[in-house]
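Q:
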Amino acid sequence: MTQRPLRPEDGEDPVVPPVPRSSSAPPPPAPIRASAPAERSGNGCGKGCLWGLGGAVGCALVIALVVGGLLLATGLTVNGFVNSVVGIFNGEARTTNIFVPKVEAVQRLNELTTVRRSYSNIVTSERDMPELLRGLYGDRLVMVAVGHVDAGVDLSQLTQDDLLYDEATQMLSITLPPVRLQNCFLDENASYTVERATGLFAAPLPDLDEYSRSFALEQFRNLALEDGILEEAREETEVAIRQSIALFNSNADALTITFTHTPNDPDAPLPSSCQ
1 MTQRPLRPED GEDPVVPPVP RSSSAPPPPA PIRASAPAER SGNGCGKGCL WGLGGAVGCA
61 LVIALVVGGL LLATGLTVNG FVNSVVGIFN GEARTTNIFV PKVEAVQRLN ELTTVRRSYS
121 NIVTSERDMP ELLRGLYGDR LVMVAVGHVD AGVDLSQLTQ DDLLYDEATQ MLSITLPPVR
181 LQNCFLDENA SYTVERATGL FAAPLPDLDE YSRSFALEQF RNLALEDGIL EEAREETEVA
241 IRQSIALFNS NADALTITFT HTPNDPDAPL PSSCQ
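Count the sequence shown with full-length UniProt numbering and you get residues 1 to 275, in order.
#1: Whole angstroms is fine: what's the gap from Ser-173's alpha carbon to Val-153's?
#2: Thr-159 by DSSP, collapsed to three states: which one?
#3: Roughly how many angstroms lie between the CA atoms of Arg-140 and Asn-121, to the nearest whole one?
#4: Does Arg-221 pass the burial test, meaning 16 or more other C-beta atoms within 10 Å, or should it be called exposed?
#5: Can you look up Leu-205 in the DSSP assignment and give me helix, strand or coil?
#6: Considering only the beta carbon of each residue, do Glu-126 and Gly-135 sit closer than 8 Å?
#7: To the nearest angstrom, how far is it from the Cα of Leu-255 to the Cα of Met-171?
#8: Give me, in chain order, the residues of the same chain whose beta-carbon lies closer than 6 Å to that of Ala-197; leave out the 5 immediate sequence neighbours on both sides.
#9: I'd like to confirm the pairing. Which residues does DSSP put opposite Val-106 in its beta bridges?
#10: Tell me whether Asp-150 is buried or exposed, calling it buried when 16 or more other Cβ atoms sit within 10 Å of its Cβ.
#11: Between the C-alpha atoms of Ser-212 and Pro-266, what's the straight-line distance to the nearest angstrom?
#12: Mind checking whether Thr-260 and Pro-177 have CB atoms under 8 Å apart?
#13: Within this structure, are the beta carbons of Val-115 and Ala-233 separated by less than 8 Å?
#14: With burial defined as no fewer than 16 other Cβ atoms inside 10 Å of the residue's Cβ, what is the status of Ala-216: buried or exposed?
#15: With a 10 Å radius around its C-beta and 16 neighbouring C-beta atoms as the bar for buried, classify Leu-133 as buried or exposed.
#16: Is the beta carbon of Pro-269 sitting closer than 8 Å to the one on Leu-181?
#17: From Val-103 to Leu-247, what distance separates their C-alpha atoms?
#18: Could you say which of Leu-200, Gln-275 and Ile-257 lies nearest to Tyr-165 if we only look at CA atoms?
#19: Relative to the alpha-carbon of Gln-275, which residue among Asn-264, Gln-107, Gln-219 and Ser-156 has its alpha-carbon at the smallest distance?
#20: Less than 8 Å between the C-beta atoms of Tyr-192 and Gly-147, yes or no?
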C-alpha cells in the first residue's frame, strides 16, 4: 500500500504532527522568587555601627599618643612636625637647627686640651772644684729623673665675645687664648737617686738634690718646646672643640668652624714649675 503525504484540503489548516520529546530532557526551571529586603531599625544604626565608631576613636587616640611621644622625644613643636611632613610630600628643603655652644660648655673642655710630654734622663750634679780635690772635698749626686711637661690653651679665659656665629653662612668663629706651658714636674715615684758621694773632709751640700731636680726640669722643658708641644696643643684644642660640638649636632658637616689663635707673648712669664 502506497502512502502519500497528507495535504490539506482546500479551506482547512494543515495538520502538524507532534514532535516527540526525549525522556532525558531536564525539567523546566523553577520560577525565581525575589526575597524581601532586610528590616532596618528605627535609628538607622545597629550595634555593629557603634563598635566600629568606638574602634575608630581608639585608633585615633593611639595615633595621637604616638605622635605626641615622638614630638617630646625629638623636641619638635607641632608646627615643626607638620612642616616636616608637608616638606616631605612637597619636596621642600628641610631646615636644620645648628647647636651653637655657650662659652661655659667650651670652658669645660679645658682638661681635654692638655698635651703632655714625658722624658727621662740621668742627671749628675757635683761641687765644682779641681779633679785632685774632689776625693777630699767634693760632693756628687747621680739621679734618674723622670718628668712630664704639660701645655695647653686656658679655655677659662674665653668670653662669649670670642664665639661668633653667622647664621647666614652657618659659620662659627672662635678666638682662642694663646697656648702656653702649664706645668713641669718630676714623677716622684719613678725618679730616684743612684749615687751620692761626699769627700772625706766635705759636708754634704744641702741644696744639691734641689739643684739636680731643677736642672732636669729645665732640660725637659727645653726638649718639649723643641719637639713642638705648643703646636700640638693648638691642634688638640681644635680637635676637642670640634668633637664636642659634633656631639650636639647631627648635621655637624653643615657647620663651618674656624679658629683664630692669639699669638704668644714672648715676655709672658712661665709657670713657676717650669722656670
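Heads up, the beta-carbon is just placed ideally off N, CA and C, and yes, glycines get one too.
A: Per the coordinate set shown:
#1: 17 Å
#2: coil
#3: 17 Å
#4: buried
#5: coil
#6: no
#7: 6 Å
#8: Arg-140
#9: None; Val-106 has no bridge partner.
#10: buried
#11: 27 Å
#12: no
#13: yes
#14: buried
#15: exposed
#16: no
#17: 16 Å
#18: Ile-257
#19: Gln-219
#20: no
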